[in-house]
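A.B. asks:
Residue numbers (the numbering used here): 1 to 290.
See the structure below:
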């Protein structure tokens, strides 16, 4: 492993491949239902707490992700960190009563003049050791160049012009409530102040409080499930996005889904984008069902 330095910033590749300590998470129906309510999820099995919404999968691993990324990137860059991409692979849904074991590790980093990325891989297993889901989080450090980098990149999920040229299979518009971030923060365990404190958000160069990217992603997940899978969470195999622009409380978002090549037999895949206030907020969206 090597160390990369640019403009006085050092990324340490010696942390690549090193797992965080295992953490355990007990899933309750109350926690699932709270998350579903905080993301305006209309699916009955999510609202009653029996089956977790797909993006709930980030909750058990949330406290492992940042330490994994900051074992490569300098900890003083924490305030420059934004969520760049998220990719879930689902082996089965999370259910009330599950006892989960989670861990994460950084697998690669890459620098560019406008910012650097650290890719973190996380896995969630049940008490018997069976794999429940896998995740790839891409942490983006704004205006920091870590140099050429090393290790692995996250799996691809790019949307193409050919995808957009298809007739949409579904278009779903939803409203981000004024209090969305204040409900999502406790439900998800994400206390980042840019979602809760207008002054701090503006100090960070934002127009004000912004919606959590994963909250917006959760909206896209139930849009896809309700329109394309009859609300059956067990059919979902993959959900991946790139966060392009922040969404503000009070805005409407519109998610458009197009058919795309699945690349695997028995799998149906769709590409999608989500627009807010005339700008693309989520791009390179991909969802796969069996």
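The C-beta atom is built at its ideal place from N, Cα and C for all residues, glycine as well. Just so we're clear, the structure is a prediction, and the values are computed from it rather than from any experiment.
Using a 10 Å radius around the Cβ and a threshold of 16 neighbouring Cβ atoms, would you call residue 1 buried or exposed?
C.D. replies: Because residue 1 carries a pLDDT of 46, less than 50, the predicted location of this residue cannot be relied on, and the following value inherits that uncertainty. Classification of residue 1: exposed, given that the 10 Å Cβ count is below 16.
A.B. asks: Consult DSSP for residue 277 and reduce its assignment to one of helix, strand or coil.
C.D. replies: Here residue 277 sits in coil by DSSP.
A.B. asks: Considering only the alpha carbon of each residue, which of 120, 231, 82 and 258 lies closest to residue 169?
C.D. replies: 258
A.B. asks: Between the region 69 to 83 and the region 112 to 130, do three or more beta carbon pairs fall short of 8 Å?
C.D. replies: yes
A.B. asks: By the DSSP assignment, the beta strand (DSSP E) with residue 84 in it spans what residues?
C.D. replies: 81 to 90
A.B. asks: With a floor of 4 residues, list each alpha helix (DSSP H) that falls wholly inside the region 34 to 87, ordered by position along the chain.
C.D. replies: Counting only runs that start and end inside the region 34 to 87, the alpha helix (DSSP H) elements of at least 4 residues fall at 44 to 47 and 58 to 69.
A.B. asks: In chain order, which beta strand (DSSP E) runs of at least 3 residues are fully inside the region 173 to 212?
C.D. replies: none
A.B. asks: Have a look at residue 109 and residue 9 and give me their C-alpha separation to the nearest angstrom.
C.D. replies: One alpha carbon belongs to residue 109, the other to residue 9, and they sit about 13 Å apart.
A.B. asks: When burial is assigned at 16 or more other CB atoms within 10 Å of the CB, is residue 71 buried or exposed?
C.D. replies: buried
A.B. asks: Are the region 211 to 219 and the region 189 to 200 in contact at 8 Å, needing three or more beta carbon pairs?
C.D. replies: yes
A.B. asks: Would you mind stating whether residue 22 and residue 103 have Cβ atoms separated by less than 8 Å?
C.D. replies: Residue 103 is positioned such that its CB atom lies closer than 8 Å to that of residue 22.
A.B. asks: Quick test of the definition: if touching needs 3 or more C-beta pairs under 8 Å, does the region 142 to 152 touch the region 245 to 253?
C.D. replies: no
A.B. asks: When you compare the region 173 to 186 with the region 34 to 42, are there three or more beta-carbon pairs, one atom per stretch, that lie closer than 8 Å?
C.D. replies: The count of Cβ pairs closer than 8 Å, one atom from the region 173 to 186 and one from the region 34 to 42, reaches three, so the stretches are in contact.
A.B. asks: Along the chain, which unbroken stretches of the beta strand (DSSP E) at least 3 residues long are found entirely within the region 80 to 157?
C.D. replies: Correct list: 81 to 90, 99 to 112, 115 to 125 and 131 to 142.
A.B. asks: Taking the C-alpha atoms as reference points, what is the distance between residue 61 and residue 231?
C.D. replies: 24 Å
A.B. asks: Name the one or two DSSP bridge partners that residue 254 has.
C.D. replies: 173 and 275
A.B. asks: Just to confirm before moving on: does the CB-CB distance between residue 267 and residue 224 stay below 8 Å?
C.D. replies: no
A.B. asks: Answer yes or no: the CB of residue 275 versus the heavy atoms of the ligand MN, is any distance below 7 Å?
C.D. replies: Ligands are entirely absent from the displayed structure, and the ligand MN is therefore not among its contents.
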